[in-house]
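Written out below as structure tokens is the structure these notes cover.
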Amino acid sequence: MQGIFFMKTYAGTDTYIVSPELMDSVNVSIALKRPLLVKGEPGTGKTLLAHSISEALKKKMIVWNIKSTTKARDGLYIYDTVLRLNDARFKEGDVSDIKKYIKLGKLGQSFVDDEQVVLLIDEIDKADLEFPNDLLNEMDVMTFNIPETDETIAAKHRPIVIITSNSEKELPDAFLRRCIFHYIAFPDEELMERIIRVHFPKIEDDLMSAVFAKFYWIRSLNQLRKKPSTSELVDWVQALIAGGIDPKHLEDKIPFLGTLIKKHEDTAVIEKHRDLDHTYNKYRSRPRMEA
Amino acid sequence: MFTEFFFELKSRGVPVSLHEWIALHKALSLDLNRASLDRFYGIARSILVKDESLYDKYDMAFSSYFEGIETPEEMIEEILKGLERVRDLALTPEEMAKLQALDLEEVRANFERQWREGRYKNHKGGNRAIGTGGTSTQGAFGYHPTGIRVGQGGSRHRRAIQIAEERRFRNYASDVILDTRSMRVALSRLRTLLPEGLEDELFIEGTIDKTAKNGGEIDLVWKKSLTNAAKVVLLMDAGGSMDSYIGLVERLFSAARAQIKDLKYYYFHNCIYQDIYTDMRRNTSFETRDFLRKYGSDYKCIIVGDADMAPSEVINVNGAIHYFYYNRTPGIEWLKIIRDHFKKSIWLNPRPKGFWHTADTIPLIAEVFRMYELTLEDITDAIKFLMK
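So the protein lines, in turn, are chains A and B.
Position one of the first sequence corresponds to residue 1 (this note's numbering), numbered consecutively onward.
Position one of the second sequence corresponds to residue 292 (this note's numbering), numbered consecutively onward.
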């Protein structure tokens with residue numbers, strides 16, 4: 001039944017497995033013409049979502065990577081004053097034509113494109129606190145004005161806007177109100193198995209179950225500074241397959257731990273807990289007196 | 292529609308605005324949820340809730356409001372309404388032809404008749420009656436292109452209310468977990484931006500000024516851009532009663548170090564007197580007076596401790612826990628001196644709030660410092676206070 005209901009809407013791609021809830025969120029955001037804000041643990045595929053949408057809907061993608069120094073205006077247009085000053089000084093080109101020195105930013109480019117595009121604003125929380133607020137109006141009405149040339153740039157086709165955040169900073173309420181929000185929860189084992197099978201179609205079942213047992217055990221340790229996520233799991237499985245590791249070895253040791261754990265302190269935590277578990281299991285399986 | 296759900300959410304502390312509420316109704320009028328409660332659950336959440344730590348509150352509101360609707364009688368109303376929407380569906384010509392072959396009134400009448408006959412219950416497969424599976428025009432999980440879903444929230448496995456009742460997001464609720472990452476997020480508010488570091492931003496006015504003075508010879512002037520410059524001094528209780536919270540405090544500490552550029556930390560045991568320790572085990576210390584001279588009042592002071600000790604340690608002269616340690620000024624006076632020195636200071640207590648009244652000294656110290664529990668929600672409030 002889904003076929004007729006969701007024609008020309010997003011339903012994931014072959015290489016990107018998406019939960020039904022996320023699928024709905026994407027489609028709601030497209031239908032309501034509001035930006036989709038995606039949050040989640042690092043490595044749960046926030047950025048990949050945008051790539052997958054552009055692939056599934058066959059639309060061009062424009063990526064705007066946000067850095068701590070990015071200003072909202074950079075996304076609209078950049079007025080290259082230094083070049084103009086330089087040209088004036090050395091008498092190069094026609095400096096009276098300001099248009100020559102104005103370049104559209106990523107948001108501006110997504111407005112003037114002849115087709116509807118997918119605009120990814122990656123890691124919006126990296127920027128200054130005021131950054132999202134500065135974009136509110138442009139996002140709402142999808143037009144902006146360049147005072148230097150008195151030109152108004154209006155969106156030919158409203159872009160599909162996907163915004164990712166690592167929640168390093170709190171985003172302003174006024175901005176949040178205008179977004180559709182989705183938190184990518186960490187995949188449960190069922191979904192994770194599908195994800196791993198997409199990446200490694202030929203993976204053997206016993207390796208898969210051994211890997212999962214270890215992986216979810218590591219994630220259950222609360223003392224970890226950084227818990228491994230999907231992307232680290234994919235790396236690890238790749239390493240295990242490339243190294244030809246026998247699943248049986250996974251029981252008492254964790255080969256290529258470096259692909260899962262990136263912090264020195266965390267390695268120590270895992271060592272400690274493995275010893276504790278070992279002692280506990282030995283205690284559980286101790287010979288008991290007959291009743 | 293569901294106005295009470297709106298108030299239910301509000302009363303549970305989910306900040307829903309009218310703006311978002313209208314957006315939800317727009318989504319419903321576009322029938323994005325396909326008349327399914329299961330889908331409605333996800334869609335409403337994506338529109339109304341903008342913070343994963345509120346997901347749990349949303350789940351509770353959802354299950355309490357929609358619990359009644361689970362009964363089939365009320366679902367029927369919903370379904371009959373859904374029947375009218377069939378006309379608006381986007382269909383391929385092929386499917387359109389199939390749909391036209393159906394008389395909607397007939398479907399409806401057929402549906403109501405079968406419902407009254409009770410044929411809906413436990414019917415599976417087949418191609419005529421209402422039930423699950425099969426190619427009938429009514430029922431759940433069927434394969435008929437114009438089929439109407441009956442009595443199911445949508446998913447084969449779970450209904451929306453069951454999902455909500457599971458409260459899968461309980462762990463994201465801000466008063467529960469406190470791993471390093473979430474703590475880092477809370478502490479990130481401590482960042483303030485001040486001009487600092489390399490001069491890497493073009494200062495246009497300055498450039499024009501200087502160029503004019505140079506008689507047209509262009510001279511670029513740069514200025515410092517904004518960088519994070521929060522200053523924090525952290526005082527931690529390293530005493531015996533804190534042992535059970537060491538893991539928690541360690542996580543707070545590692546989060547703070549990642550977040551704050553200028554972080555200084557010192558230790559004390561139970562209460563602060565005339566000395567402050569740089570290393571508790573090696574017993575290296577320096578005078579509290581010097582400490583206050585060293586760090587100006589613009590530092591934010593965060594004290595972490597359970598504030599639970601013998602009352603004498605706080606209010607008596609020579610009350611310190613170490614027998615050979617004499618203090619001429621009682622601990623509480625030292626605490627007041629520290630509070631008055633810094634413009635902003637707080638006390639974080641790892642002990643749950645509910646137990647604060649059971650220790651004599653906690654209320655005493657809470658009178659001196661604003662005391663916050665070491666939970667994400669409280670840390671967030673505390674940081675807000677520090678940054679005000």
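Backbone N, C-alpha and C fix where the C-beta goes; we use that ideal spot for every residue, glycine too.
Keep in mind the model is a prediction, meaning the values are calculated, not measured.
Around the C-beta of LEU309 (chain B), are 16 or more other C-beta atoms found within 10 angstroms, so that it is buried, or is it exposed?
Here the question's residue 309 (chain B) lines up with position 18 in the second sequence. Flag for LEU309 (chain B) reads exposed.
Taking C-beta to C-beta, are ILE218 (chain A) and ILE270 (chain A) nearer than 9 angstroms?
Walking along the first sequence from the start, residue 218 (chain A) turns up at place 218. Walking along the first sequence from the start, residue 270 (chain A) turns up at place 270. In this structure, ILE270 (chain A) lies closer than 9 angstroms to ILE218 (chain A) by Cβ.
At least one CB of chain B closer than 9 angstroms to the CB of GLN116 (chain A): is that the case?
The count along the first sequence starts at 1 and reaches residue 116 (chain A) at position 116. With 9 angstroms as the cut-off, GLN116 (chain A) does not count as an interface residue toward chain B.
Give the straight-line distance between the Cα atoms of LYS522 (chain B) and ASP589 (chain B), rounded to the nearest whole angstrom.
Translated into positions along the second sequence, residue 522 (chain B) becomes position 231. Translated into positions along the second sequence, residue 589 (chain B) becomes position 298. About 8 angstroms.
For the beta strand (DSSP E) containing GLU151 (chain A), name the first residue and the last one.
As a first step, residue 151 (chain A) is located in the first sequence; it is residue number 151 there, counting from the start. That run of the beta strand (DSSP E) goes 151 to 154.
Within 8 angstroms, do at least three Cβ pairs link the stretch 59 to 74 of chain A to the stretch 248 to 260 of chain A?
no
Looking only at its own chain, which residues have a Cβ that is under 7 angstroms from the Cβ of ASN133 (chain A), when we skip the five neighbours before and after it?
Position 133 of the first sequence, counting from 1, holds the residue named residue 133 (chain A). Counting only Cβ-Cβ distances below 7 angstroms, and skipping sequence neighbours, we find PRO172, ALA174 and PHE175.
What ranges does the alpha helix (DSSP H) occupy inside the stretch 8 to 81 of chain A, keeping only unbroken runs of at least 4 residues that lie completely in it?
20 to 32, 46 to 56 and 72 to 76
Contact under 9 angstroms by Cβ, GLY530 (chain B) with ASN561 (chain B):
Counted from its first residue, the second sequence places residue 530 (chain B) at position 239. Counted from its first residue, the second sequence places residue 561 (chain B) at position 270. Taking 9 angstroms as the Cβ cut-off, GLY530 (chain B) and ASN561 (chain B) qualify as a contacting pair.
Which residue's Cα is closest to the Cα of LEU319 (chain B): B:ALA335, B:VAL305 and B:ASP329?
Mapped onto the second sequence, residue 319 (chain B) falls at position 28. Of B:ALA335, B:VAL305 and B:ASP329, the residue nearest in Cα terms is B:ALA335.
Could you tell me which residues DSSP puts in a beta bridge with VAL161 (chain A)?
Taking the first residue of the first sequence as position 1, residue 161 (chain A) is located at position 161. Its beta-bridge partners are A:LEU119.
Roughly how many whole angstroms lie between the Cα atoms of VAL234 (chain A) and HIS199 (chain A)?
Counted from its first residue, the first sequence places residue 234 (chain A) at position 234. Counted from its first residue, the first sequence places residue 199 (chain A) at position 199. Approximately 8 angstroms, taken between the alpha carbons.
Thinking C-alpha only, which one of B:ALA546, B:ILE499 and B:MET533 is nearest MET600 (chain B)?
The sequence position of residue 600 (chain B) within the second sequence is 309, counting from 1. Out of B:ALA546, B:ILE499 and B:MET533, B:MET533 has the C-alpha closest to the C-alpha of MET600 (chain B).
Here's the rule I'm using: 16 or more other beta-carbon atoms within 10 Å means buried, otherwise exposed. How should LEU321 (chain B) be labelled?
Residue numbering aside, residue 321 (chain B) sits at position 30 when the second sequence is read from its first letter. Exposed.
For chain A, is any of its Cβ atoms less than 9 angstroms away from the one on GLU624 (chain B)?
Numbered from 1 along the second sequence, position 333 holds the residue referred to as residue 624 (chain B). No, no contact with chain A.
For the stretch 193 to 268 of chain A, list the alpha helix (DSSP H) runs that are entirely contained and at least 4 residues long, ordered along the chain.
205 to 219, 230 to 242 and 257 to 260
In whole angstroms, what separates the C-alpha of ASP125 (chain A) from that of LEU48 (chain A)?
Locating residue 125 (chain A) in the first sequence gives position 125, where the first residue counts as 1. Locating residue 48 (chain A) in the first sequence gives position 48, where the first residue counts as 1. One C-alpha to the other measures close to 18 angstroms.
So, does the CB of ARG86 (chain A) fall closer than 9 angstroms to a CB anywhere in chain B?
Your numbering for residue 86 (chain A) matches position 86 in the first sequence. Here residue 86 (chain A) is Asn; the residue named in the question, Arg, does not match the sequence. At least one chain B Cβ lies under 9 angstroms of ASN86 (chain A).
HIS182 (chain A) and GLU41 (chain A) - do their beta-carbons sit closer together than 9 angstroms?
On the first sequence, residue 41 (chain A) is found 41 positions in, with the first residue counted as 1. On the first sequence, residue 182 (chain A) is found 182 positions in, with the first residue counted as 1. No, Cβ-Cβ distance for GLU41 (chain A) and HIS182 (chain A) is not below 9 angstroms.
What is the DSSP secondary structure of MET351 (chain B), counted as helix, strand or coil?
Translated into the one-based positions of the second sequence, residue 351 (chain B) becomes position 60. In this structure, MET351 (chain B) counts as helix in the three-state DSSP scheme.
With SER576 (chain B) as the anchor, note down where its beta strand (DSSP E) starts and where it stops.
As a working mapping, residue 576 (chain B) is identified with position 285 in the second sequence. Per DSSP, SER576 (chain B) belongs to the beta strand (DSSP E) from 575 to 578.
Checking contacts by CB at 9 angstroms: is LEU135 (chain A) closer than that to chain B?
Working through the first sequence from its first residue, we reach residue 135 (chain A) at position 135. Closer than 9 angstroms: no.
For GLY531 (chain B), go through chain A and note every residue whose CB falls closer than 7 angstroms to its CB, in chain order.
The count along the second sequence starts at 1 and reaches residue 531 (chain B) at position 240. Within chain A, no residue comes near GLY531 (chain B); the closest Cβ sits about 21 angstroms away, beyond 7 angstroms.
Going straight from the alpha carbon of GLU295 (chain B) to that of TYR349 (chain B), what length do you get?
By one-based count along the second sequence, residue 295 (chain B) stands at place 4. By one-based count along the second sequence, residue 349 (chain B) stands at place 58. If I take the Cα positions, the gap works out to 14 angstroms.
Given this structure, state the Cα-to-Cα distance separating ASP24 (chain A) from SER545 (chain B), to the nearest angstrom.
On the first sequence, position 24 is the one that residue 24 (chain A) refers to. On the second sequence, position 254 is the one that residue 545 (chain B) refers to. About 38 angstroms.
To the nearest angstrom, report how far apart GLY497 (chain B) and ILE102 (chain A) are at their CA atoms.
As a working mapping, residue 497 (chain B) is identified with position 206 in the second sequence. As a working mapping, residue 102 (chain A) is identified with position 102 in the first sequence. Between GLY497 (chain B) and ILE102 (chain A), the C-alpha separation is close to 22 angstroms.
Residues near SER52 (chain A) in its chain [Cβ-Cβ closer than 6 angstroms; skip 5 each side]
Taking the first residue of the first sequence as position 1, residue 52 (chain A) is located at position 52. The answer, listed in chain order, is THR13 and TYR16.
What does HIS310 (chain B) reach in chain A if we use C-beta pairs closer than 7 angstroms?
Reading the second sequence from its first residue, position 19 is the one you call residue 310 (chain B). By Cβ distance, chain A contributes ARG177.
If you draw a straight line from the alpha carbon of LEU583 (chain B) to that of VAL141 (chain A), how long is it in whole angstroms?
As a working mapping, residue 583 (chain B) is identified with position 292 in the second sequence. As a working mapping, residue 141 (chain A) is identified with position 141 in the first sequence. Answer to the nearest angstrom: the Cα atoms are 53 angstroms apart.
Could you say if the stretch 660 to 678 of chain B and the stretch 639 to 650 of chain B meet the contact criterion of at least three C-beta pairs nearer than 8 angstroms?
yes
Does any CB atom of chain A fall closer than 9 angstroms to the CB of ILE509 (chain B)?
Taking the second sequence and counting its residues from 1, the one referred to as residue 509 (chain B) is at position 218. Output row for ILE509 (chain B): interface = yes.
Could you spell out where the beta strand (DSSP E) holding HIS182 (chain A) opens and where it closes?
In the first sequence, counting from the first residue as 1, residue 182 (chain A) sits at position 182. Looking at the DSSP string, the run of the beta strand (DSSP E) that includes HIS182 (chain A) is 180 to 184.
Option nearest GLY45 (chain A) by Cα separation, candidates A:GLU265, A:VAL211, A:MET192 and A:HIS157:
As a working note, residue 45 (chain A) is residue 45 in the first sequence. Looking at the Cα atoms, A:MET192 is the closest of the given residues.
Buried or exposed, going by whether 16 or more other CB atoms sit within 10 Å of the CB of LEU339 (chain B)?
Along the second sequence, read from residue 1 onward, the residue named residue 339 (chain B) stands at position 48. The residue is buried, with at least 16 neighbouring Cβ atoms inside 10 Å.
Could you check whether ILE121 (chain A) and GLY75 (chain A) sit closer than 9 angstroms to each other, using their CB atoms as the reference points?
Indexing the first sequence from 1 puts residue 75 (chain A) at position 75. Indexing the first sequence from 1 puts residue 121 (chain A) at position 121. In this structure, ILE121 (chain A) lies closer than 9 angstroms to GLY75 (chain A) by Cβ.
In chain order, what residues of the same chain have a beta carbon less than 6 angstroms from the beta carbon of LYS272 (chain A), not counting five sequence neighbours either side?
As a position in the first sequence, residue 272 (chain A) is number 272, starting the count at 1. Cβ within range, chain order: n/a, list empty.
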